Structure formats: C-alpha cells, structure tokens
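Numbering (this note's numbering), first residue to last: 7 to 286.
Glycine included, every Cβ here is placed at the ideal spot set by N, Cα and C.
From a predicted model like this one, the values you see are computed outputs, not experimental measurements.
Worksheet: one structure, shown below.
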Amino acid sequence: MFKLTIDLRVTSACDMCCNFCHGAPKGLEDSSIEIIEVVIKKLKEAGVGRIVISGGEPLMRQDTPEIILLAKSIGFDVYLSTNGYRFDRYHEFSHLIDWIGIPLDGSTTTVNLEMSRGVRLFTSTSSILSFFHTNKPAHGVKVGTVVSAINIADILNIGNLLFESSRLYPPDVWRLYDFVPRGKGFTSQHSHSVTPQQFTEVSQAAIARFGERVSPLSNEDHDNSYYFVNPDMSLVTACGNTFPYLCDLKTVSVKELSRLFETTKITKKKSRRNRQWINR
C-alpha cells in the first residue's frame with residue numbers, strides 16, 4: 007500500500023564531510039521536539055504515512071529516539087537513515103523502526119575514502135551487517151550506494167560483498183543512487199558525474215547478478231520526487247541544483263498542506279514510484 011513519505015531532517019549536524027552531500031543546509035538550528043510534534047501531527051492529518059528520520063546525522067541529536075517513539079505513537083511508519091557511526095545507540099530505537107538505511111560506497115576502505123566517505127565507513131557498515139547476521143533484525147535493512155565515476159568499476163564488487171559474504175547480513179534492498187550534482191555535489195561533479203548510459207548499464211548488470219533487491223534511482227527519477235523537512239521545519243523538494251521552498255510547516259494549516267500535496271502531484275506521483283522498494 008502506498009504511503010506518502012516525508013524526509014524529516016532533524017538536524018544539520020554531521021560527523022562526515024562527503025563532497026557530494028545534499029542533506030540539510032548547514033547552520034540551521036534544530037527545532038525542539040515540541041515543535042516537531044506539532045508539525046508531524048499536521049503531516050499525519052494531511053495524509054503522510056511514513057517518516058524518514060535523517061539529517062545531517064540524526065543520531066548526533068540526543069533526543070532522536072524520542073522523536074522516533076513520538077512518530078510511531080502518532081501512527082507513522084519510521085525509517086532511520088544514518089551513517090552508522092553511532093550504532094551503539096541501536097538498542098534505544100531498534101524496536102521502533104520499520105527500516106534502517108546505511109551507506110556503503112566501496113568494497114574496500116580505500117574506495118570509500120576516495121569517495122570522501124571517511125576512514126571509518128567501510129568498517130562501520132561491515133560491522134553493522136555482521137551484527138545483523140548474528141542478530142537478525144525485525145526491521146528492513148537498506149544499504150545505499152552513490153554511483154560515481156570514482157566507484158563505478160567497483161559496484162559489482164560491492165554487490166559481491168553484500169550478497170555473497172558468509173559473515174554479513176544481505177540487505178533487503180540495495181539502493182543505487184545516480185550521483186546528483188546538488189548541494190556539495192555541484193562543485194565536485196567533475197570528479198563524480200557519470201552519464202545516464204553508464205548508470206543504466208551498471209544498474210542493469212547489478213540487477214542481473216543480484217536480483218530484485220537491487221533498486222536503482224537515476225537523476226531523472228530523483229528530481230521532484232522527494233519532500234524534505236529541514237531542521238527549521240521548512241518544507242522543500244529537490245530539483246536540479248535547487249531545493250524549491252514549499253511552505254513553513256510551523257504556520258501552515260492542515261487544509262493548506264493537504265492542498266499543497268495535491269498541487270504538487272508530479273512530486274507525489276514520482277515519490278510513489280521511487281518508494282516502491284520500501285513496501286517489499
């Protein structure tokens with residue numbers, strides 16, 4: 007069943023410096039949990055059924071497990087998008103989430119470093135998948151990979167690691183993201199950009215080898231397909247190198263918000279198509 011999905015960026019703080027990041031704008035002050043409660047209740051009344059808790063890095067915020075609990079109590083499906091560096095907090099929310107998403111952009115530490123992910127990412131994600139191998143989670147697990155000119159030759163090696171390792175939990179979904187020249191990525195596109203044909207070919211090769219758990223998202227499909235709530239509770243979407251402003255969720259009425267979702271039907275339709283993987 008389709009559930010309208012919103013990405014709730016609870017903080018702009020992050021402990022990584024990825025040069026292709028297009029997360030929450032830096033410097034925005036986090037909204038209090040009281041304001042977040044008012045906003046997500048509006049979202050629920052306006053027809054939203056799923057919240058993606060993201061950032062920045064959401065677990066840099068101390069009360070993120072409380073935000074997750076709040077969202078669940080209101081009736082949302084909850085998906086946590088995290089870099090995994092604070093996985094020691096997993097016990098605080100593991101029983102509440104429906105999905106967790108973690109990144110992996112190379113089959114080795116070296117490739118992840120070349121992708122600007124940081125020295126710890128490969129070990130962190132591998133450790134989490136190893137933990138899930140011995141402690142099978144009740145929620146879904148998604149691994150996300152940004153496909154770039156830097157790592158495109160390594161994509162199938164990443165798949166081998168994820169699906170053919172005897173010590174790692176194979177993700178329920180492996181999401182391949184076409185590099186987007188947006189945010190920090192706008193200035194680093196000369197290093198990362200691949201052609202639509204290159205992305206299609208590597209995605210098809212991954213699907214042929216690893217099956218339906220591979221879920222690619224091209225730039226064309228990405229544009230105008232997401233609703234993002236920034237830490238200041240402004241609602242935006244994403245198109246090209248911009249984040250068009252839609253409204254201030256602190257002041258908008260439920261009626262106005264419902265009307266906004268109806269007037270952005272293209273975004274809503276593309277969101278439905280691009281989130282099909284989460285219903286598996």
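Report the partner residues of residue i according to the DSSP bridge assignment.
| i | result |
| --- | --- |
| residue 259 | DSSP lists no partner for residue 259. |
| residue 24 | DSSP, once it has assigned bridges, lists no residue as partnering residue 24. |
| residue 11 | 56 |
| residue 229 | Answer is none; residue 229 lacks a bridge partner. |
| residue 105 | 85 and 146 |
| residue 251 | 242 |
| residue 223 | 183 |
| residue 235 | 14 and 241 |
Given a cut-off of 8 Å, decide if residue j and residue i are closer than it, judged by their beta-carbon atoms.
| i | j | result |
| --- | --- | --- |
| residue 75 | residue 136 | no |
| residue 236 | residue 30 | yes |
| residue 233 | residue 13 | yes |
| residue 230 | residue 276 | yes |
| residue 28 | residue 186 | yes |
| residue 62 | residue 123 | no |
| residue 17 | residue 66 | yes |
| residue 155 | residue 197 | yes |
| residue 90 | residue 73 | no |
| residue 280 | residue 223 | yes |
| residue 251 | residue 240 | yes |
| residue 274 | residue 267 | yes |
| residue 77 | residue 39 | no |
Comparing alpha-carbon positions, which option in the options lies nearest residue i?
| i | options | result |
| --- | --- | --- |
| residue 212 | 193, 160 and 255 | 160 |
| residue 259 | 38, 43 and 48 | 48 |
| residue 9 | 82, 17 and 238 | 82 |
| residue 112 | 57, 105 and 127 | 127 |
| residue 176 | 219, 114 and 105 | 219 |
| residue 153 | 210, 145 and 267 | 210 |
| residue 248 | 189, 19 and 110 | 189 |
| residue 36 | 50, 60 and 27 | 60 |
| residue 291 | 284, 121 and 50 | Nothing can be reported for residue 291: it is not among the residues displayed for the chain, which extend from 7 to 286. |
| residue 114 | 196, 157, 20 and 148 | 157 |
| residue 5 | 144, 57, 145 and 166 | Outside the displayed range of the chain (7 to 286) lies residue 5, so it cannot be described from this structure. |
| residue 245 | 257, 266, 270 and 265 | 270 |
| residue 255 | 265, 238 and 268 | 238 |
| residue 147 | 155, 171 and 179 | 179 |
| residue 228 | 192, 183, 191 and 22 | 183 |
| residue 149 | 221, 265 and 25 | 221 |
| residue 145 | 33, 7 and 103 | 103 |
| residue 216 | 162, 263 and 267 | 162 |
| residue 106 | 57, 79 and 274 | 57 |
| residue 140 | 172, 164 and 119 | 172 |
| residue 42 | 80, 32, 181 and 201 | 80 |
| residue 33 | 125, 268, 7 and 19 | 19 |
| residue 93 | 257, 117, 25 and 64 | 64 |
| residue 21 | 257, 125 and 191 | 125 |
| residue 118 | 7, 11, 214 and 25 | 25 |
Just checking: is the beta-carbon of residue i within a distance shorter than 8 Å of some beta-carbon in chain D?
| i | result |
| --- | --- |
| residue 139 | In the structure shown, chain D cannot be found, because there is only a single protein chain. |
Original post:
Fully enclosed by the region 154-202, which alpha helix (DSSP H) runs are 4 residues long or longer?
Top reply: 161-170 and 191-198
Original post:
Can we say the region 78-86 touches the region 94-109, given the rule of at least three CB pairs closer than 8 Å?
Top reply: yes
Original post:
Unbroken alpha helix (DSSP H) runs of length 4 or more, entirely within the region 111-155: which are they?
Top reply: 115-120 and 127-140
Original post:
Counting Cβ pairs closer than 8 Å, one from the region 122-135 and one from the region 205-222, do we hit at least three?
Top reply: no
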